[in-house]
Amino acid sequence: MRGRRRLAPPGNGLPDYISAMSAPRQLTEMRLPDLGYNAYLCRYSEIALKGRNRASFERAAVANLKRLLEGLPLSVRRERGRVFLQPEPPGDTLTAGVVEALRRQTAKCFGLVSGSPAFLTAPELPAIEAAVDRSFGAVCAAVAAQLGEGMPIPYAMRARRSEHRLGMTSREIEIHFADRLLTRHPCLRVNLDNPLLRVEVEVRREHAFVSYERFPGPGGLPACTAGRVMVLLSGGIDSPVAAYLTMRRGGAADFVTFHSAPYTPPATVEKVARIVRILREFQGEGTLYAVNLAEPQKLIRDRCSERFRTVLYRRLMLRVAAELARRREAAALVTGDSLGQVASQTLANLAVISAATPMLVLRPLIGAEKRETMDLARSIGTLAISEEQVPDSCTVFAPANPVTKAPLPLVEAQERRLPPPDELTRLALAQTTRVNVDTLETGPLPPDPAAAADTGRD
Ligand code: ATP
Ligand code: MG
-17 MRGRRRLAPP
-7 GNGLPDYISA
3 MSAPRQLTEM
13 RLPDLGYNAY
23 LCRYSEIALK
33 GRNRASFERA
43 AVANLKRLLE
53 GLPLSVRRER
63 GRVFLQPEPP
73 GDTLTAGVVE
83 ALRRQTAKCF
93 GLVSGSPAFL
103 TAPELPAIEA
113 AVDRSFGAVC
123 AAVAAQLGEG
133 MPIPYAMRAR
143 RSEHRLGMTS
153 REIEIHFADR
163 LLTRHPCLRV
173 NLDNPLLRVE
183 VEVRREHAFV
193 SYERFPGPGG
203 LPACTAGRVM
213 VLLSGGIDSP
223 VAAYLTMRRG
233 GAADFVTFHS
243 APYTPPATVE
253 KVARIVRILR
263 EFQGEGTLYA
273 VNLAEPQKLI
283 RDRCSERFRT
293 VLYRRLMLRV
303 AAELARRREA
313 AALVTGDSLG
323 QVASQTLANL
333 AVISAATPML
343 VLRPLIGAEK
353 RETMDLARSI
363 GTLAISEEQV
373 PDSCTVFAPA
383 NPVTKAPLPL
393 VEAQERRLPP
403 PDELTRLALA
413 QTTRVNVDTL
423 ETGPLPPDPA
433 AAADTGRD
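Okay, so the sequence shown: first residue is -17 according to the working numbering, each after it adds one.
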C-alpha cells in the first residue's frame, strides 16, 4: 500500500498523459465559444523528456510544431517542460479558426500529449482570478445550454504549479478557486472523477495559464529523433499504420512500394503516393521509392514451385528494401505483418522471410487485431484510401494455395533456380524510381553513395 502511494503522482493520481486521454473528453466534444484566448499551451509526453536528451527532444518537438503551424499568426515559446504559442502580433487573441487549426495540427505533432487554448496571465493570484472571472460565465453558459437549462454541471478545479510563487500549494489554489466559483455559480456540482467542465490553472515561474479544454495530442517521441527506417508500404490497411506507429516513436521513415507494371495499373503506385502524402504530414519528409518487380516475378513464376511464390516475392522485397535502406543509412525495415493474418504471416514464414536479410525487420502490428488497426488507420486518415480496391503486386501470379510453413532449406533450393539474390536485387533496383508524391512525377534512383565513394577512391 505504501509502495503504491509513493508511486502515485500528485494531482488526480494519474500520470499527466493518462489523465489527458481520459478526463477532458466531453468538453472537447462540446466545443466552447470563442473566448478570446491569448495563448495555446502544449504538454509533452513525460517519457520524451527523461534523461540527458531532454533539450534535444524539446528542440525537435518545437521544430516539428513550427513546421505544422507554418502560416498561422503565432509565435512559439519553449519553457522547461512546456511549449506555448502566442498570437502574432502580441496582444492579439486567438480566433476560433486559429484554435481549430491548432487543435488539428497539434494532433499530428509527435511528443505532445495534449494542448489547451488558454489565458496567459502574470503568475499572481489577482491576475489569475481576473482571467477566470472574465471567461467563466461564458464557459458555464455554453455548457449549460448544451446540457439543458437547470441541469447541474459536473465540474472540477485542477491546479498545478512548477514554482512556489503564490505561497500556496496546488491543493490550496484548487480550494481557493473552487470556493469562489461554487459560491458564484450554484449550477456547479463537484465531480472530480468525471467532470464535464474542468478548470485548469497552471502556475509557472513567469506565467500562469487558465484553460478549460484539452485537445489530445498523439503522444510518442518527437518526429525523426530515433534514426531512419525504411517502411515497406503496400496500398493495404496495415502497413500505413505500422509506419505511423514507428514514426510516433521517433523513427524517420522513408517508404518503398512494389508494383508489377504492366500487370498492375498506375493506380497501384498512385494510391500509395496518396498514403505517403498523409504520413509525411507527421514528420515533414520521407521519400517514396517504387520498385517494379514484374521481371523477377516472371522468373519466379517460370522457374519455381507455385506454392512458394509469395514467400519468394517477400524475400526479394526485403532484400531490395534493405539495399535502399542501406543507401539511406536506415537501420531497420518496417512491415505491416500481423501474426497469422495471411499465409505469409505464419511464424514459420515470417522467420524464413526475415532470414533473407541481416537487417533488423520491425513489425509493429505483430500482435494487433485487424479491428484495432482499422481504428488507428481511420484516425490517421489512411483507411479510406487503403480500402479503395486497386490491384496489388503480390496478387500478380499469386498461388491459389501458398505454403504456410516453408522450411528455409526448401526455399533456398527454390532460389537456386533463380539468378543469385544480388543479381535479382540489381534487376529490381534498375526498375526503381523515386516518386514525387505531390505531382506523382517519377525520377531515377540516385546513384549509390557507397559506390560513388568507391569510385572516388580509385
Ligand atoms: P497491408 O494491409 O499492409 O498490405 P496485408 O495484411 O495485406 O498488409 P500482406 O499483403 O501479406 O499483408 O503484406 C504484409 C506486409 O508486407 C505489408 O504490411 C507490407 O509491409 C509488405 N508488403 C506487402 N506487399 C507490398 C507491396 N506491394 N509493397 C510494399 N510492401 C508490401
Ligand atoms: Mg497487402
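Backbone N, C-alpha and C define an ideal beta-carbon position, used for all residues, glycine too.
A quick note: this is a predicted structure, and the numbers were derived from the prediction, not measured.
Taking the C-beta atoms as reference points, R166 is found no nearer than 8 Å to P136. At a threshold of 7 Å, S216 counts as near the ligand ATP, since its beta carbon sits closer than that to one of the ligand's heavy atoms. Boundaries of the alpha helix (DSSP H) around P403: P403 to L411. Here the distance from the Cβ of T75 to the nearest heavy atom of the ligand ATP is not below 7 Å. With contacts defined by Cβ atoms closer than 8 Å, E288 and P402 do not form a contacting pair. Secondary structure of Y245 (DSSP, three-state): coil. With a contact defined as Cβ atoms closer than 8 Å, V302 and A410 qualify at about 5 Å. Assignment of beta strand (DSSP E) within the region 322 to 407, counting only whole runs of 3 or more residues, yields 342 to 344 in chain order.
Relative to the non-hydrogen atoms of the ligand ATP, the Cβ of S144 never comes closer than 7 Å to any of them.
For Q413, the closest alpha carbon among the candidates N20, A243 and G209 is that of A243. In the three-state scheme derived from DSSP, where H, G and I count as helix and E and B as strand, M139 is classed as strand. Bridge partners of T239 according to DSSP: A272.
Taking 3 residues as the minimum length, the beta strand (DSSP E) runs contained wholly in the region 126 to 208 are 135 to 143, 170 to 172, 179 to 185 and 190 to 193, in order along the chain. For C376, the distance from the CB to the nearest heavy atom of the ligand ATP is below 7 Å. With fewer than 16 neighbouring CB atoms inside 10 Å of its own CB, T421 falls in the exposed class.
S98 has L23 as its beta-bridge partners, per DSSP.
For S57, the uninterrupted beta strand (DSSP E) run begins and ends at L56 to E61, by DSSP. Using a Cβ-Cβ distance cut-off of 8 Å, the region 173 to 183 and the region 270 to 287 are not in contact, since fewer than three pairs of beta carbons, one from each stretch, lie closer than that value.
A straight-line Cα-Cα distance of about 6 Å links V95 and P200. Nearest to A249 by C-alpha distance, out of I367, N383, P389 and E111, is I367. Assignment of L300 by DSSP, reduced to helix, strand and coil, places it in the helix class. From the listed residues I362, T355 and H241, the smallest Cα separation to K280 is found for H241.
Using a 10 angstroms sphere on the CB of T407, the tally of other CB atoms reaches 16 or more, which defines it as buried. Judged by pairs of C-beta atoms under 8 Å, the region 352 to 363 touches the region 221 to 233, as three or more such pairs exist.
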